Amino acid sequence: MQASRPDTAPSRPLPDTPSRRHLTEALVLAVPAGLALNLGVGVMVLGQGTGALIAGGAYLVAAALVAVAMHRHYPHDRMGACNVVTLMRLALTTALIAPLIGGEAAGWIVAGIAALSLSLDGVDGFLARRSGLCSEFGARFDMEVDAGLALILALHALSGSPVGAEVLVLGVMRYLFVGAGLIWPWIMAPLPVSYVRKGICVLQLATLIALQVPVLSEDMAIMLARVASVALAWSFLRDVVWLRSHR
Numbered sequence: 619m620q621a622s623r624p625d626t627a628p629s630r631p632l633p634d635t636p637s638r639r640h641l642t643e644a645l646v647l648a649v650p651a652g653l654a655l656n657l658g659v660g661v662m663v664l665g666q667g668t669g670a671l672i673a674g675g676a677y678l679v680a681a682a683l684v685a686v687a688m689h690r691h692y693p694h695d696r697m698g699a700c701n702v703v704t705l706m707r708l709a710l711t712t713a714l715i716a717p718l719i720g721g722e723a724a725g726w727i728v729a730g731i732a733a734l735s736l737s738l739d740g741v742d743g744f745l746a747r748r749s750g751l752c753s754e755f756g757a758r759f760d761m762e763v764d765a766g767l768a769l770i771l772a773l774h775a776l777s778g779s780p781v782g783a784e785v786l787v788l789g790v791m792r793y794l795f796v797g798a799g800l801i802w803p804w805i806m807a808p809l810p811v812s813y814v815r816k817g818i819c820v821l822q823l824a825t826l827i828a829l830q831v832p833v834l835s836e837d838m839a840i841m842l843a844r845v846a847s848v849a850l851a852w853s854f855l856r857d858v859v860w861l862r863s864h865r
């Protein structure tokens, strides 16, 4: 979920062949299904009104960007269950905007929805490998959903837990990294696989989910947030140093 690899697929849209039109048809079905899930969670599970509508709008904007990017960069002619699962993860993630708008940050339900979204993280990858639909686009799509989940959970933790602004490090590091890449393009180069990086990503999201529920003492919550924030900042710094030395 950290340093992204640049999309190596063509920068121009792929031809609108009959097989590519199957992809469009799949999106026409999948995007509304995601909206129904988003609104259902926002209204029926989280009990929000206006917040649910705003969350639904956020989902539609994000899904539209995904659809455009998929037509431009996705190398396969089938959407596949893997990308449908990631789209549903996007719907669950954006649904968590609703309680933020409604002034009901954090809590067990937020933690449960976040845990469900995170648990599906491995499912989409498994389905992609099983169906032969692995791609740079799919990996990037999955990564950006994780980044969005981290940011939204960090805002929940800031509003609904005893931790301070340092928890925002867990939500904004990915976006700071991408912003730096706009200034120094070498930052967006591919990184080698690192189990340390993956482990810290797990720590990051697990910490954010744990901070949503009132099971930790105030001191424990603050300490956990700071440890995870320092570990994540160190991981990004480590990657930047490696990228700079290999630019």
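Its first residue numbered 619, the sequence shown is counted upward by one per residue in our numbering.
No residue lacks a Cβ here, since even glycine has one placed at the ideal position from N, Cα and C.
All figures in this text were calculated on a predicted structure; none of them were measured in a lab.
Taking Cβ positions, are A724 and A775 nearer each other than 8 Å? If you check the CB distance, A724 and A775 come in under 8 Å.
Here's the rule I'm using: 16 or more other beta-carbon atoms within 10 Å means buried, otherwise exposed. How should H864 be labelled? exposed
Unbroken alpha helix (DSSP H) run spanning C805, endpoints: The sequence as given places Ile at residue 805; Cys does not occur at that position. Where I805 is concerned, there is no enclosing alpha helix (DSSP H), given that its DSSP letter is neither H nor E.
Are the beta-carbon atoms belonging to A846 and L788 less than 8 Å from one another? yes
Where does D634 fall in DSSP's three states? For D634, the pLDDT reaches just 49, beneath the cut-off of 50, and the residue's location in the model is therefore unreliable, although a value from the coordinates is still provided. Coil.
Is G652 near A709, with beta carbons less than 8 Å apart? Cβ atoms of G652 and A709: closer than 8 Å.
Candidates A851, V790, G667, L678, of which the one nearest D764 by Cα: V790
Under 8 Å: do the segment 711-727 and the segment 810-818 share three or more Cβ pairs, one atom per stretch? no
Using the beta-carbon count (16 or more within 10 Å), is E762 buried or exposed? buried
Pick out whichever of I731, L678, L745 has its Cα sitting closest to the Cα of V703. L745
Three or more C-beta pairs under 8 Å: does that hold for the segment 663-675 against the segment 637-650? no
Curious, which full-length alpha helix (DSSP H) runs of at least 4 residues does the segment 651-726 contain? 668-691, 698-713, 715-719
Whether L641 touches R707 by CB criterion (8 Å): No. Outside cutoff.
Spatial distance of A687 from E643 (CA atoms): 15 Å
If distances are taken between C-alpha atoms only, which option among G721, S853, G756, Y692 comes closest to L809? The closest CA to that of L809, considering only G721, S853, G756, Y692, is found on S853.
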